[in-house]
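Visitor:
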Amino acid sequence: DAGVIQSPRHEVTEMGQEVTLRCKPISGHNSLFWYRQTMMRGLELLIYFNNNVPIDDSGMPEDRFSAKMPNASFSTLKIQPSEPRDSAVYFCASSPQGGQPQHFGDGTRLSIL
Amino acid sequence: QKEVEQNSGPLSVPEGAIASLNCTYSDRVSQSFFWYRQYSGKSPELIMSIYSNGDKEDGRFTAQLNKASQYVSLLIRDSQPSDSATYLCAVNEVGNEKLTFGTGTRLTIIP
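Chains as they are written, first to last, in the working numbering: chain A, 184 to 296; chain B, 114 to 224.
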């Protein structure tokens, strides 16, 4: 079975550019989560969706970050404009429903120069 | 503010010994508990889930849950160098889909 698929795997871009990260959850999973991981702050939840609806975006750092889930098989996380402090590994995860284990994608390693 | 605490380590264990990883949580209504393993440069990988008090065994791994004391632990028997990784404890509560992660314990198995 295909796991959570994220793209791109690596992204290097200059400060001020728009960055779009993509995620395809596991088929049949109703919940999708976006995380950011840094050495300093560990794994932080940014936002999660249930049945394509954003439920909790309290972890989104600021208005430069936005996320969408137009259908059950696709989600995007966008940063505009990007800043060097946004450099991190961004993970997408999905789960069948609340309380069940989340399965992570391979992540996108983002570097903002 | 829900908290999940883990000793950051590093924890060094000789090959073949038992590695014991501990996690405490602050929220008494927590319901589901998970252990993830994360190799350097890789994504977290689910290795154990536990939902009720007691022990749950899966191969060389045993998860232990004590809700009264609010701790969950992971034992790794016959430790192998391939077990060297960071282990993340994650907790969620009834009716809440969010997982609260600990900061992880870095485990090193010494050959």
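No residue lacks a Cβ here, since even glycine has one placed at the ideal position from N, Cα and C. Here the structure is a predicted model, which means the values were calculated and not measured.
Using the Cβ count rule (16 or more neighbours within 10 Å means buried), how would you classify isoleucine 222 (chain B)?
Guide: Label assigned to isoleucine 222 (chain B): buried.
Visitor: Which value, in whole angstroms, describes the spacing of the CA atoms of alanine 181 (chain B) and serine 190 (chain A)?
Guide: So the two alpha carbons sit approximately 42 Å from each other.
Visitor: Mark serine 156 (chain B) as exposed unless 16 or more other C-beta atoms lie within 10 angstroms of its C-beta, in which case mark it buried.
Guide: That one is buried.
Visitor: Does any CB atom of chain B fall closer than 9 Å to the CB of aspartate 130 (chain A)?
Guide: The structure shown does not extend to residue 130 (chain A), since chain A is modelled only from 184 through 296, so no value can be given for it.
Visitor: Just to confirm my understanding: we take serine 258 (chain A), look at its own chain, exclude 5 residues before and 5 after, and list those with CB closer than 6 Å. What are they?
Guide: Cβ within range, chain order: Cys206, Leu215 and Met252.
Visitor: Give the residues of chain B in contact with glycine 288 (chain A), contact being defined as C-beta atoms less than 9 Å apart.
Guide: Correct list: Ser156.
Visitor: Do glycine 242 (chain A) and glutamate 210 (chain B) have their C-beta atoms closer together than 9 Å?
Guide: Going by C-beta atoms, glycine 242 (chain A) is not nearer than 9 Å to glutamate 210 (chain B).
Visitor: Helix, strand or coil: how does DSSP classify arginine 268 (chain A) here?
Guide: The answer is helix: DSSP assigns arginine 268 (chain A) an H, G or I state.
Visitor: Would you mind sorting glutamine 200 (chain A) into buried or exposed? The rule is 16 or more other CB atoms within 10 Å of its CB.
Guide: By the 10 Å Cβ count, glutamine 200 (chain A) comes out exposed.
Visitor: Starting from asparagine 233 (chain A), find everything on chain B with Cβ-Cβ shorter than 7 Å and list it in chain order.
Guide: The answer, in chain order, is Glu210.
Visitor: Say whether chain A places a C-beta atom closer than 9 Å to the C-beta of leucine 187 (chain B).
Guide: No, leucine 187 (chain B) does not count as interfacial toward chain A.
Visitor: Quick check on the DSSP output: the beta strand (DSSP E) that includes glycine 225 (chain A) runs from which residue to which?
Guide: First-last of the beta strand (DSSP E) with glycine 225 (chain A): 225-233.
Visitor: Quick check on this structure: which residue in B:Gln151, B:Thr216, B:Leu178 and B:Gln193 has the alpha carbon closest to the alpha carbon of isoleucine 144 (chain B)?
Guide: The identity of residue 144 (chain B) in the sequence shown is glutamine, whereas the question assumes isoleucine. Glutamine 144 (chain B) has its Cα closest to that of B:Leu178, out of B:Gln151, B:Thr216, B:Leu178 and B:Gln193.
Visitor: Could you give the distance in angstroms between the alpha-carbon of alanine 130 (chain B) and the alpha-carbon of arginine 190 (chain B)?
Guide: Each residue's alpha carbon lies about 6 Å from the other.
Visitor: Hey, is alanine 176 (chain B)'s beta-carbon within less than 9 Å of any beta-carbon in chain A?
Guide: Closer than 9 Å: no.
Visitor: Where do the ends of the beta strand (DSSP E) carrying glycine 167 (chain B) lie?
Guide: Unbroken beta strand (DSSP E) run through glycine 167 (chain B): 167-171.
Visitor: Considering only the beta carbon of each residue, do leucine 159 (chain B) and glutamine 285 (chain A) sit closer than 9 Å?
Guide: A contact, by the Cβ cut-off of 9 Å.
Visitor: Assuming contact is defined by CB atoms lying nearer than 9 Å, are valine 185 (chain B) and valine 142 (chain B) in contact in what I supplied?
Guide: Not a contact, by the Cβ cut-off of 9 Å.
Visitor: Look up proline 237 (chain A) in the DSSP assignment and say whether it is helix, strand or coil.
Guide: Note: proline 237 (chain A) maps to strand in three-state DSSP.
Visitor: Among B:Ser165, B:Gly167 and B:Leu134, which has the Cα closest to the Cα of tryptophan 148 (chain B)?
Guide: Among B:Ser165, B:Gly167 and B:Leu134, the Cα nearest to that of tryptophan 148 (chain B) is on B:Leu134.
Visitor: Please check if any C-beta of chain B sits within less than 9 Å of the C-beta of leucine 229 (chain A).
Guide: So, not an interface residue.
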